[in-house]
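> Below you will find the structure I want to go over with you.
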């Protein structure tokens, strides 16, 4: 995959659509709906929900569709890239695998998003993950916790209220 570099030239807030249109110049790579780009300076994540095509534009000019909830993450002059800026931290192979497994778990459950619950299920599925080992040391069964979480997320279990919220 070639590194994407996209420079924002304009941002349009289209009220009522729930998205912003981000116009810009693509200097390298290919952008597709579903891609995640990062601010080259801050590392802020920007999701490409779709692409708009308009007649008469130059080949390197594109219009990205970005969720309105991420509008504050884009600005004119910004460079968006497919590579997240290095934060100096090493991701362990186990973490990478867990993060790779979470979308598969979400799809298996029929979800069109990946949330913390899917990451938690991926952690619980790994018997060698530190949290899973620690739960066992506490006398808890990670498989039982995973099953309860799956039921809760699917709506088959009753809503669990935090302590002190009843009344």
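Residue numbers (the numbering used here): 372 to 538.
Even for Gly, the Cβ is constructed at its ideal location relative to N, Cα and C.
Quick caveat: nothing in here was measured; it's all calculated off a predicted structure.
Report the residue from 440, 418, 422 and 412 whose alpha carbon sits nearest the alpha carbon of residue 386.
Ranking the options by Cα distance to residue 386, first place goes to 440.
> Looking only at its own chain, which residues have a Cβ that is under 8 angstroms from the Cβ of residue 520, when we skip the five neighbours before and after it?
Excluding positions up to five away in sequence, the list reads 488, 491, 492 and 495.
> Of the residues 499, 431, 465 and 525, which one's Cα is nearest the Cα of residue 399?
It is 431.
> Since residue 475 is in the alpha helix (DSSP H), which residue starts that stretch and which ends it?
It spans 464-479 - the alpha helix (DSSP H) in which residue 475 sits, taken as one unbroken run.
> So the candidates are 481, 509 and 476; which of them puts its Cα closest to the Cα of residue 517?
Cα-wise, what sits closest to residue 517 is 476.
> Out of curiosity, what's the CA-to-CA distance linking residue 506 and residue 499?
So the two alpha carbons sit approximately 11 angstroms from each other.
> Determine the contact status of residue 382 and residue 391, defining contact as a CB-CB distance below 8 angstroms.
Going by C-beta atoms, residue 382 is nearer than 8 angstroms to residue 391.
> What separation, rounded to the nearest whole angstrom, lies between the Cα atoms of residue 405 and residue 462?
When rounded, the distance between both Cα atoms is 23 angstroms.
> What whole-angstrom Cβ distance do residue 417 and residue 445 have, given they're in contact under 8 angstroms?
6 angstroms between Cβ atoms; contact.
> Taking residue 378 as the reference, which of 403, 450, 454 and 484 has the closest Cα?
Checking every option, the nearest Cα to that of residue 378 belongs to 450.
> Residue 436 and residue 420 - do their beta-carbons sit closer together than 8 angstroms?
Yes. Within cutoff.
> Three-state secondary structure (DSSP) at residue 502?
It is helical.
> In three-state DSSP terms, what is residue 532?
Note that residue 532 scores 48 on pLDDT, short of 50, meaning its location in the model is unreliable; the coordinates nonetheless yield the value given after this. In the structure shown, residue 532 sits in coil (DSSP, three-state: anything other than H, G, I, E or B).
> By the 10 Å Cβ neighbour count, where 16 or more other Cβ atoms means buried, how is residue 410 classified, buried or exposed?
Looking at its Cβ environment, which holds 16 or more other Cβ atoms inside 10 Å, residue 410 is buried.
> Report the three-state DSSP secondary structure of residue 432 (helix, strand or coil).
Three-state DSSP puts residue 432 in a strand.
> With residue 410 as the anchor, note down where its beta strand (DSSP E) starts and where it stops.
407-410 is the span of the beta strand (DSSP E), which, as asked, contains residue 410.
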